[in-house]
Each structure stands twice: as structure tokens, then as C-alpha cells.
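Note sheet for the following structure.
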Amino acid sequence: GQTGSQGADGTQGADGSQGTFGNQGTFGNQGTQGIIGPAGTSSEVFSIKDSTGGVNLAFGSPATVKYDTVEFSNANISLSTSAGTEGEVTVNLADGSIVHIIATVSTDCTATGNRSHSRAFIEKSTGGGAFALLPNTYGWMYNRNVASGENTCTLQFIGRVLTGDKFRIRAE
Numbered sequence: 055g056q057t058g059s060q061g062a063d064g065t066q067g068a069d070g071s072q073g074t075f076g077n078q079g080t081f082g083n084q085g086t087q088g089i090i091g092p093a094g095t096s097s098e099v100f101s102i103k104d105s106t107g108g109v110n111l112a113f114g115s116p117a118t119v120k121y122d123t124v125e126f127s128n129a130n131i132s133l134s135t136s137a138g139t140e141g142e143v144t145v146n147l148a149d150g151s152i153v154h155i156i157a158t159v160s161t162d163c164t165a166t167g168n169r170s171h172s173r174a175f176i177e178k179s180t181g182g183g184a185f186a187l188l189p190n191t192y193g194w195m196y197n198r199n200v201a202s203g204e205n206t207c208t209l210q211f212i213g214r215v216l217t218g219d220k221f222r223i224r225a226e
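Just so we're aligned, residue 55 is where the sequence shown starts under this note's numbering, counting upward by one.
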């Protein structure tokens, strides 16, 4: 015989309720920021060199290295090329400013076949045209003889300045 037809679909049952979410965790305390220092100041760069050379040295009779060429200028630092003060650098930064002086001095033994030595150092003005050695700024050079007499030393000074302080490099 014949197959009967399919009966009607029943209605769908109701959805169940959604479950609850768990509690969100709490955030920990935020750390505090450390001390912040004062805003930095810009660097002041001033570079000079001795283009002509030719200072004759004798140990025990220091001579001022006569720097004569400004490579990088700065409105607050100046080089004297005047007779009597040639090679002196005047610093016109605010009182208490920190300077870092780096000087390179080279020697060439040209007049003796014997071993010799020379030294260079930094001096700072004390007023009235007088200068005093800055402690711990010596650089020594050993010159073997005329055939191999070249040598170089580097001097450094880091310290606070007053407006108008003058510096010079001396060698002997």
C-alpha cells in the first residue's frame, strides 16, 4: 500500500538563561615617579688649533702654545691672537657653568741626538694677568732623538668657571 505523509513539526522549546561572568581582577598600585632633575642646558663647543706651530721649548721655561685658528666658534668663548695674550681662551659662560677642556700638544725633537722629554699643562687665570697651574693637568712627552722625536700628549680639565675666566696651554 501507499506510504502516509509526514506530520507537522513541533514548536521549539525556550532557550535557557545565560550564565553570569566572574569578577574582574583589580589593578595593583601604580609606582611613583622618581625625582626629575632640572632641564639640561645646551653644550658649548669651541675648537681651536695651532696652524703655524714653531714654539721652541726649553725645559724649565714654559711657553704658551699659540693657538691661532678657530675651527668651531662660540659667542661665549673667545681666543686671543693679540701679542702678549696670544693663545689665551676667555670663557664668558654663566658663573658655575662646567667646562671640559681637552688639549692635544705635539712635540718634535729637531735639535739634539739625545733623549729628551717635554711636558704640557693647563693654567687658569688668577687675575691681573697672572696664571696658576691647574692640578693634575700635566701631560708628558718622551722624545728619543731627531730621527724619531715626535710625540703627543692629551690634557684634560673638567671644572666650574666664573664669567671671564681665562685658560692657556703651556709647554716646556
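Backbone N, C-alpha and C fix where the C-beta goes; we use that ideal spot for every residue, glycine too.
Using a Cβ-Cβ cutoff of less than 8 Å, which residues in the same chain neighbour alanine 117 once the five nearest sequence positions on both sides are dropped?
Val109, Asn110, Leu111, Arg224, Ala225, Glu226
Taking the beta strand (DSSP E) that tyrosine 196 falls in, what are its first and last residues?
193-197
Could you tell me the distance, in whole angstroms, from the CA atom of arginine 222 to the CA atom of alanine 201?
30 Å
Sequence-distant residues of the same chain with beta carbon closer than 7 Å to leucine 187, five excluded per side
Phe175, Glu177
Just the Cα atoms here: how many angstroms apart are glycine 217 and aspartate 122?
Reading the sequence as shown, one finds threonine at residue 217 and not glycine. Answer to the nearest angstrom: the Cα atoms are 22 Å apart.
With 16 other CB atoms within 10 Å as the buried threshold, where does glycine 203 fall?
buried
Put lysine 103 into one of helix, strand or coil per three-state DSSP.
strand
Between Ser172, Arg198, Cys163, which lies nearest to phenylalanine 113 when the distance is taken from Cα to Cα?
Ser172
Burial state of threonine 180 (16 or more Cβ within 10 Å):
exposed
Measure the Cβ-Cβ separation of cysteine 207 and valine 145 and say whether it is below 9 Å.
no
Helix, strand or coil: which one does DSSP assign to leucine 133?
strand
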